[in-house]
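Chains as they are written, first to last, in the numbering used here: chain V, 99 to 214; chain F, 75 to 189. Structure record follows, encoded as structure tokens.
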Amino acid sequence: KQEVTQIPAALSVPEGENLVLNCSFTDSAIYNLQWFRQDPGKGLTSLLLIQSSQREQTSGRLNASLDKSSGRSTLYIAASQPGDSATYLCAVKRRISSGSARQLTFGSGTQLTVLP
Amino acid sequence: DTEVTQTPKHLVMGMTNKKSLKCEQHMGHRAMYWYKQKAKKPPELMFVYSYEKLSINESVPSRFSPECPNSSLLNLHLHALQPEDSALYLCASSQGFLMNTGELFFGEGSRLTVL
């Protein structure tokens, strides 16, 4: 069974800081890993998708890395802004041969607050 | 267009009411999903449709009834719900399901309150 852990559950930083969010998973047989952002009461916005063959993906101030062997992914946010305040979730898609509801497993998220 | 559109955004219903949530995407995706999310928890998968056929039902109570009229539309029919069913209901889509390695796109959600 795939387990996905995100630590810390909450993080507060001053504006302008660079920060790293962590995502750990127990089963390294994955298709991909996706990072999402969720604002309170809203849907999930896809930030970055890393395929299992990739080591990192970048979009603007965001950089996501993937280390399958250690079961870890990090989301690096450069020069944080108050508008980055949200909950960040990672989700791991397992490599399985048949359809299963466990195919995509979410972490519980890290609630980020960037203070002005 | 990378949008998944959900209506209504907010819904309040009594336990005897019948209502429906609707979801639409025009990305040509062939897999569509319903998720349920409670406060401060990750989304939980409810149903998956692949090529307009129900592929996964995560042991969801029959008071929730999904329907996929065509490849762009996904409905969730609600009947005789309980207050504990109050949650954010999220629709998502992806290019495929079983072998899909692409992104999952979510809508903004429908906030359901059952009185």
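Note that the Cβ used here is the ideal one computed from N, Cα and C, for glycine as well. These numbers come from a predicted model, not from an experiment.
_Contacts that G183/F makes with chain V (C-beta to C-beta distance below 9 Å)_ = Position 109 of the second sequence, counted from the start, is the residue given in the question as residue 183/F. Near G183/F (Cβ distances below 9 Å), the residues of chain V are G139, K140, G141, L142.
*Taking the Cβ atom as the reference point for each residue, do P171/V and L164/V lie within a distance shorter than 7 Å?*
Looking up residue 171/V in the first sequence gives position 73. Looking up residue 164/V in the first sequence gives position 66. The sequence shown places Ser at residue 171/V, rather than the Pro named in the question. Their beta carbons are under 7 Å apart, which means S171/V touches L164/V by this criterion.
*DSSP on G114/V, reduced to helix/strand/coil?*
For the purposes of this step, residue 114/V is taken as the residue at position 16 of the first sequence. Note: G114/V maps to coil in three-state DSSP.
*Could you confirm whether any beta carbon from chain V is found closer than 7 Å to the beta carbon of L150/F?*
Taking the second sequence and counting its residues from 1, one reaches residue 150/F at position 76. Chain V, which has no Cβ nearer than 7 Å to the Cβ of L150/F, makes this no.
_On the CB-based measure, 16 or more other CB atoms within 10 Å of its CB, does G181/F come out buried or exposed?_
The sequence position of residue 181/F within the second sequence is 107, counting from 1. By the neighbour-count rule (16 or more Cβ atoms within 10 Å), G181/F is buried.
_V190/V, enclosing beta strand (DSSP E) - first and last residue_ = Here residue 190/V refers to the residue found at position 92 of the first sequence. Note, V190/V: beta strand (DSSP E), 184-192.
*Between Q149/V and the rest of its own chain, which residues show a CB-CB distance below 6 Å, the 5 nearest in sequence each way excluded?*
Walking along the first sequence from the start, residue 149/V turns up at place 51. Around Q149/V: N130.
_Along the chain, where does the beta strand (DSSP E) containing M106/F start, and where does it finish?_
Within the second sequence, numbered from 1, the residue matching residue 106/F stands at position 32. Taken as a continuous stretch (DSSP letters only), the beta strand (DSSP E) holding M106/F covers 105-111.
*Grab the span of the beta strand (DSSP E) containing F138/F for me, first residue to last.*
Start at 1 with the first residue of the second sequence, and residue 138/F comes out as number 64. Per DSSP, F138/F belongs to the beta strand (DSSP E) from 138-144.
*Taking contact to mean at least 3 C-beta pairs separated by less than 8 Å, is the stretch 125-139 of chain V in contact with the stretch 183-192 of chain V?*
yes
*Under the assumption that C142/F contacts Y123/F (Cβ atoms under 8 Å), give the Cβ distance between them as a whole number of angstroms.*
In the second sequence, the residue the question calls residue 142/F occupies position 68. In the second sequence, the residue the question calls residue 123/F occupies position 49. Their Cβ separation, rounded to whole angstroms, is 4 Å, which keeps C142/F and Y123/F in contact under 8 Å.
*Cβ-based neighbour list, L109/V, same chain, cut-off 8 Å, excluding 5 preceding and 5 following*: Working through the first sequence from its first residue, we reach residue 109/V at position 11. Within the same chain, L109/V has close Cβ partners L117, L119, T208, Q209, L210, T211.
*Taking Cβ to Cβ, would you say S168/F is nearer than 7 Å to L155/F?*
Residue 168/F sits at position 94 when you count from the first residue of the second sequence. Residue 155/F sits at position 81 when you count from the first residue of the second sequence. No; because the gap between Cβ atoms is not below 7 Å, this pair is not in contact.
*For E158/F, the three-state DSSP class (helix, strand or coil)*: Your numbering for residue 158/F matches position 84 in the second sequence. Correct three-state label for E158/F: helix.
*With DSSP collapsed to three states, give me the class of Q104/V.*
Translated into the one-based positions of the first sequence, residue 104/V becomes position 6. If DSSP states are grouped into helix, strand and coil, Q104/V belongs with coil.
*Going by beta carbon distance, what residues of the same chain come within less than 7 Å of E98/F, once the five residues before and after it are set aside?*
Within the second sequence, numbered from 1, the residue matching residue 98/F stands at position 24. The residues are T79, S146, L147.
*Closer than 7 Å by beta-carbon distance: list the chain V residues that pair up with E177/F, in chain order.*
Position 103 of the second sequence holds residue 177/F. Q132, S144, L147, listed in chain order.
_Let me see if you follow: with CB-CB separation under 7 Å, is S206/V close to chain F or not?_
Locating residue 206/V in the first sequence gives position 108, counting from the first residue. For S206/V, the answer is yes, since a Cβ of chain F falls inside 7 Å of its Cβ.
*Going by the beta-carbon positions, is the gap between S160/F and V188/F smaller than 7 Å?*
Within the second sequence, numbered from 1, the residue matching residue 160/F stands at position 86. Within the second sequence, numbered from 1, the residue matching residue 188/F stands at position 114. Yes, these two residues count as a Cβ contact at 7 Å.
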